[in-house]
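For the sequence shown, counting from 1, position 680 maps to 690 in this note's numbering; every step adds exactly one. A quick write-up on the structure given underneath.
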Amino acid sequence: MGTSGSKGDVGGAALPGDGGMDGDEGSAGAVMGSWHGGAQLYVSLKMEKARIIGDLVPHVYGSEPIIGSWDPAHALAMERELASMWELSFVVPPDHETLDFKFLLKPKDAATPCIIEEGPTRLLTGGMLEGDVRLANFKLNGNDEVVEFRVFNKADIVSPLELAASWRVYKENFQPSMVRGIPDISINEAPAHATEDGSGSSLELDLEHYVVPTPTAPPTEYAANLAATPASLIQPGALWTNDMLLSDGIQSPRSGPADFQDHSDHNKDTEAPVADSSKKLQVSGMVESKSVGTLIPLQKQEKQKGLYVDRGVVSPKLGKSFSACSLASGLNFGSTKAMPEAAGAVAAAAVADRLHGSKEDRKLAIVLVGLPARGKTFTAVKLTRYLRWLGHETKHFNVGKYRRLKHGANQSADFFRPDNQEGIEARNEVAALAMEDMIDWMHGGGQVGIFDATNSTSKRRQMLMKMAEGNCKIIFLETICNDRNIIERNVRLKIQQSPDYADQPDYEAGLQDFLERLTNYEKVYEPVEEGSYIKMIDMVKGEGGQLQVNNISGYLPGRIVFFLVNSHLAPRPILLTRHGESLHNVRGRVGGDTVLSEDGELYAKKLANFIEKRLKSEKTATIWTSTLQRTILTATPIVGFPKIQWRALDEINSGVCDGMTYEEIKKIMPEEYESRKKDKLRYRYPRGESYLDVIQRLEPVIIELERQRAPVVVISHQAVLRALYSYFADRPLREVPDMEMPLHTIIEIQMGVTGVEEKRYKLMD
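Dropping the structure here:
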């Protein structure tokens with residue numbers, strides 16, 4: 011421990027000041043001047059204890075400027091940062107006088123019982139505790155029990171403008187200090203909700219009164235049905251579906267011709283050839299007859315000569331215009347005009363893989379392993395959604411979908427018997443077909459394939475590894491669950507939702523058949539011991555499980571491990587909403603850090619009323635905001651829940667365009683205006699950000715939302731919420747900049763074992 015001179019996040023609180031939306035040069039000069047002339051110490055005190063006794067909460071009391079009173083009744087409650095961690099942070103001058111204080115335990119809203127820590131008074135000089143940082147000991151139950159807390163102390167130098175999101179000096183009666191005219195933190199005391207007519211901010215008792223249609227709500231569907239359509243099994247006469255084409259990578263236009271870079275002439279764009287109605291187009295081993303709209307299988311050897319279709323765009327599968335490698339990474343090294351399909355770490359990793367990695371390692375196959383009803387498909391769907399959102403071309407291949415198409419959906423448990431040689435060969439056949447399709451897709455530009463099947467024997471896995479040689483790197487992902495309650499729940503969902511039992515009207519008969527199928531798999535199941543693997547053991551509930559890894563290296567495999575260790579299936583709602591209308595919204599200006607308009611203030615009160623009703627039984631919910639005051643002010647009326655400020659939730663940085671209207675941008679910077687209009691996803695404001703930049707900085711937010719087990723209310727900004735919403739809705743990145751994200755509307759995302767469901771509430775017009 012020691013005094014840190016670095017700026018940034020301290021003690022879990024986000025500190026503004028390293029960028030954000032205030033992008034004009036004058037304000038930057040003011041920041042530097044205040045940094046040298048008025049530096050302060052941001053001091054963090056933390057206490058850690060795995061278990062707290064009853065309703066006792068750690069408090070601090072002592073001299074100025076912490077409390078200003080040795081009266082325990084005026085002690086300041088420390089805020090819970092984690093399940094076992096409490097924190098108090100404040101700001102003092104670097105040359106402050108010695109502060110003396112002590113810790114005590116008492117209920118947050120009562121004066122007794124009050125238990126003061128044992129030992130001498132603690133002294134704080136220069137932001138740091140004097141001497142060795144000792145444990146805080148408290149004697150309970152008439153001195154019969156001693157409770158110990160670990161104590162942590164940290165101090166960072168910050169500028170005055172970096173204090174907006176920090177804890178500040180508390181005065182008597184818990185009055186918080188103010189920066190920019192708003193409280194630095196919330197005390198969660200009930201504010202006055204008075205309006206002109208006394209009822210303008212109230213809501214109907216029935217929240218369903220405010221439900222509005224979801225513009226793009228996907229239908230609830232069995233997860234395996236969302237996997238790729240088996241291209242190698244489409245029969246003659248079948249309708250052409252988009253699912254069998256390349257997945258929705260952002261480099262894939264929906265329809266019409268596309269411009270591709272020609273390596274032979276970097277200054278000339280060549281248009282991909284578009285077939286007319288009399289020609290036939292090859293799609294993953296099929297020919298589509300434009301006149302009849304059907305797919306006809308081709309011979310295997312013809313595949314390499316044809317064209318592939320991507321949302322109506324036809325281009326050579328391999329050739330002069332672009333390479334499979336450049337599609338996978340989204341990079342075209344032969345053209346200065348080409349832009350990466352992703353930003354930040356994703357793009358950097360793609361470059362590194364191309365320059366230094368082997369050809370095989372550039373393609374990654376995540377092969378699921380596990381008994382039925384262990385959450386494999388749900389894990390595959392979540393992982394696919396996450397990787398797509400980061401910008402990796404990812405596709406989910408479900409072998410069960412191949413089996414149903416090849417052999418029918420009404421196979422009984424006998425089909426899965428370990429002594430049924432015909433059944434074993436049939437299942438291995440469809441697994442090989444799915445693997446071939448995945449490899450073909452990778453050759454056409456795909457980067458990560460999620461191969462979803464039981465793959466329960468070493469022999470099956472060896473077959474897949476043999477097929478992958480020279481084509482892709484395999485990582486086995488084994489899901490193990492020993493919780494009988496979870497298994498029984500998954501079995502029930504399987505009977506209710508799986509196409510295997512769609513024609514079985516008798517639930518009990520379907521249940522008995524599936525249990526027999528499960529027994530057949532258990533007889534021959536062999537845990538993974540070969541190759542690179544990840545084992546998820548009892549991690550469904552998000553606590554108490556473990557994750558084992560073997561021979562895992564590289565950027566992308568590391569991101570996958572980090573995601574999996576933080577994800578679980580516990581159901582909980584996530585509420586997304588923009589801040590109330592701001593003055594810049596009224597004026598049509600970009601960015602800024604203005605206060606709320608009158609309508610925005612009214613929405614803040616309505617939102618607080620809504621949260622109180624919707625989350626009244628959720629005592630562990632949290633409120634997340636950005637560090638910009640329009641979100642902080644929107645959250646101010648909400649009481650009873652901890653509030654956390656995230657710099658990552660700040661609005662997209664519009665750089666030199668901050669504070670301008672789009673008309674002003676069009677007039678003053680017409681080239682920038684046109685560039686943004688052509689490609690809003692990749693366009694980066696001068697000295698600012700692009701949507702892809704926003705997505706990259708939001709990855710920690712997504713990971714934390716996946717990790718959370720309690721409801722979270724996210725109050726943020728239009729561009730940020732578009733990016734977050736696209737993750738949960740599994741929408742293509744190219745659609746992010748144009749998603750509907752209206753003011754004064756709440757989007758409720760319900761996460762759980764059945765997938766992601768959405769509901770919208772519009773509180774104001």
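Idealized CB from N, CA, C, for every residue including glycine.
**Prompt:** Where does PRO710 sit, in a helix, a strand or coil, going by DSSP?
**Reply:** In the sequence shown, residue 710 corresponds to position 700, counting from 1. In this structure, PRO710 counts as helix in the three-state DSSP scheme.
**Prompt:** Skipping 5 residues on each side, what residues in its chain have a beta carbon closer than 6 Å to that of GLU591?
**Reply:** Here residue 591 corresponds to residue number 581 of the sequence shown, with the count starting at 1. Closer than 6 Å at the Cβ level, and outside the excluded window around GLU591, lie SER607, ASP609, GLY610, LEU753.
**Asked** Thinking C-alpha only, which one of LEU393, ASN438, ALA441, ASP493 is nearest VAL458?
**Response** Counting from 1 along the sequence shown, the entry for residue 458 is found at position 448. Ranking the options by Cα distance to VAL458, first place goes to LEU393.
**Request:** With a 10 Å radius around its C-beta and 16 neighbouring C-beta atoms as the bar for buried, classify ILE678 as buried or exposed.
**Result:** For the purposes of this step, residue 678 is taken as the residue at position 668 of the sequence shown. Looking at its Cβ environment, which holds fewer than 16 other Cβ atoms inside 10 Å, ILE678 is exposed.
**Asked** Would you say the segment 692-702 touches the segment 665-675, given that touching needs at least three Cβ pairs under 8 Å?
**Response** yes
**Asked** ILE485 and PRO567: beta carbons closer than 9 Å?
**Response** Stepping through the sequence shown from its first residue, residue 485 is reached at position 475. Stepping through the sequence shown from its first residue, residue 567 is reached at position 557. Taking 9 Å as the Cβ cut-off, ILE485 and PRO567 qualify as a contacting pair.
**Asked** What are the start and end residues of the beta strand (DSSP E) that includes TYR52?
**Response** For the purposes of this step, residue 52 is taken as residue 42 along the sequence shown, with counting starting at 1. Taken as a continuous stretch (DSSP letters only), the beta strand (DSSP E) holding TYR52 covers 50-58.
**Message:** Considering Cα atoms alone, identify which of PHE524, GLY455, MET549, GLN558 is closest to GLU539.
**Reply:** Looking up residue 539 in the sequence shown gives position 529. When each option's Cα is compared against that of GLU539, the closest is GLN558.
**Request:** Determine the DSSP secondary structure at GLU435, reduced to helix, strand or coil.
**Result:** The residue you call residue 435 lines up with position 425 of the sequence shown. Looking at GLU435 - three-state DSSP - the assignment turns out to be helix.
**Request:** Could you spell out the range, first to last residue, of the alpha helix (DSSP H) harbouring THR224?
**Result:** As a working mapping, residue 224 is identified with position 214 in the sequence shown. Here THR224 belongs to no alpha helix (DSSP H), and DSSP marks it neither H nor E.
**Asked** Given PRO326, which residues of its chain have a CB within under 6 Å of its CB, disregarding the five upstream and five downstream residues?
**Response** Counting from 1 along the sequence shown, the entry for residue 326 is found at position 316. Caution applies to PRO326, whose pLDDT of 29 falls short of 50 and renders its modelled position unreliable; the value that the coordinates give is listed next. Closer than 6 Å at Cβ, skipping near neighbours: no residue.
**Asked** Out of curiosity, what's the CA-to-CA distance linking VAL534 and THR467?
**Response** Counted from its first residue, the sequence shown places residue 534 at position 524. Counted from its first residue, the sequence shown places residue 467 at position 457. Cα to Cα, the separation comes out at about 7 Å.
**Asked** Straight-line CA distance for GLU628 to ALA720?
**Response** In the sequence shown, the residue the question calls residue 628 occupies position 618. In the sequence shown, the residue the question calls residue 720 occupies position 710. If you take the alpha carbons of GLU628 and ALA720, they lie about 8 Å apart.
**Prompt:** Does the separation of the CB atoms of HIS69 and LYS116 fall below 9 Å?
**Reply:** Locating residue 69 in the sequence shown gives position 59, counting from the first residue. Locating residue 116 in the sequence shown gives position 106, counting from the first residue. In contact: HIS69 and LYS116 (Cβ atoms closer than 9 Å).
**Nearest-angstrom Cα separation, counted from THR671 out to GLU745** = As a first step, residue 745 is located in the sequence shown; it is residue number 735 there, counting from the start. As a first step, residue 671 is located in the sequence shown; it is residue number 661 there, counting from the start. Roughly 23 Å between the two C-alpha positions.
**Asked** Helix, strand or coil: which one does DSSP assign to GLU536?
**Response** The residue labelled residue 536 in the question sits at position 526 within the sequence shown. Correct three-state label for GLU536: coil.
**Request:** List in chain order: all unbroken beta strand (DSSP E) runs of 3+ residues lying wholly within the segment 393-461.
**Result:** 404-408
**Request:** With a threshold of 16 other CB atoms inside 10 Å of the CB of GLY247, please say whether the residue is buried or exposed.
**Result:** What you label residue 247 is simply residue 237 of the sequence shown in a count that begins at 1. Residue placement at GLY247 cannot be trusted, given a pLDDT of 44 that sits under 50; what the coordinates show is reported in the next sentence. GLY247 is exposed by the Cβ-count criterion.
**Message:** If I follow the unbroken alpha helix (DSSP H) through LEU593, where does it start and stop?
**Reply:** Here residue 593 is taken as the residue at index 583 of the sequence shown, counted from 1. LEU593 -> alpha helix (DSSP H) spans 593-597.
**Asked** Apart from the five residues just before and just after GLU58, which ones in its own chain have a Cβ nearer than 6 Å to its Cβ?
**Response** Locating residue 58 in the sequence shown gives position 48, counting from the first residue. Counting only Cβ-Cβ distances below 6 Å, and skipping sequence neighbours, we find SER94, MET95, ARG160.
**Asked** In whole angstroms, what separates the C-alpha of VAL571 from that of ILE544?
**Response** Numbered from its first residue, the sequence shown carries residue 571 at position 561. Numbered from its first residue, the sequence shown carries residue 544 at position 534. About 8 Å.
**Prompt:** Taking the C-alpha atoms as reference points, what is the distance between ASP703 and GLU91?
**Reply:** Here residue 703 corresponds to residue number 693 of the sequence shown, with the count starting at 1. Here residue 91 corresponds to residue number 81 of the sequence shown, with the count starting at 1. Rounded to whole angstroms, ASP703 to GLU91 spans 28 Å at the Cα level.
**8 Å CB neighbourhood of ARG427 in its chain, flanking five on each side removed** = Taking the sequence shown and counting its residues from 1, one reaches residue 427 at position 417. Correct list, in chain order: GLY433, ASN530.
**Request:** Thinking TRP451 and TYR737 are a contact (beta carbons under 8 Å), I'd like their distance in whole angstroms, please.
**Result:** Taking the sequence shown and counting its residues from 1, one reaches residue 451 at position 441. Taking the sequence shown and counting its residues from 1, one reaches residue 737 at position 727. 23 Å between Cβ atoms; not a contact.
**Where ALA729 falls: helix, strand or coil (DSSP)** = Position 719 of the sequence shown, counted from the first residue, corresponds to residue 729. DSSP places ALA729 in helix when its eight states are reduced to three.
**Request:** Figure out for me which residue from ASP110, LEU487, ASN500 has the closest Cα to the Cα of VAL780.
**Result:** The requested residue 780 does not occur in the structure, where the chain is confined to residues 11 to 775.
**Asked** With which residues is TYR543 paired in a DSSP beta bridge?
**Response** Walking along the sequence shown from the start, residue 543 turns up at place 533. Beta-bridge pairing links TYR543 to PHE486, ASN560.
**Asked** Would you call the CB atoms of GLU661 and ALA729 closer than 9 Å?
**Response** As a first step, residue 661 must be located in the sequence shown, where it is residue number 651. As a first step, residue 729 must be located in the sequence shown, where it is residue number 719. Cβ atoms of GLU661 and ALA729: closer than 9 Å.
**Item:** Collapsed DSSP secondary structure at MET751 in the structure displayed
**Value:** Within the sequence shown, residue 751 is the residue found at index 741, counting from 1. MET751: coil per DSSP, three-state reduction.
**Request:** Please report the residue range of the beta strand (DSSP E) in which LEU374 lies.
**Result:** Within the sequence shown, residue 374 is the residue found at index 364, counting from 1. LEU374 -> beta strand (DSSP E) spans 374-379.
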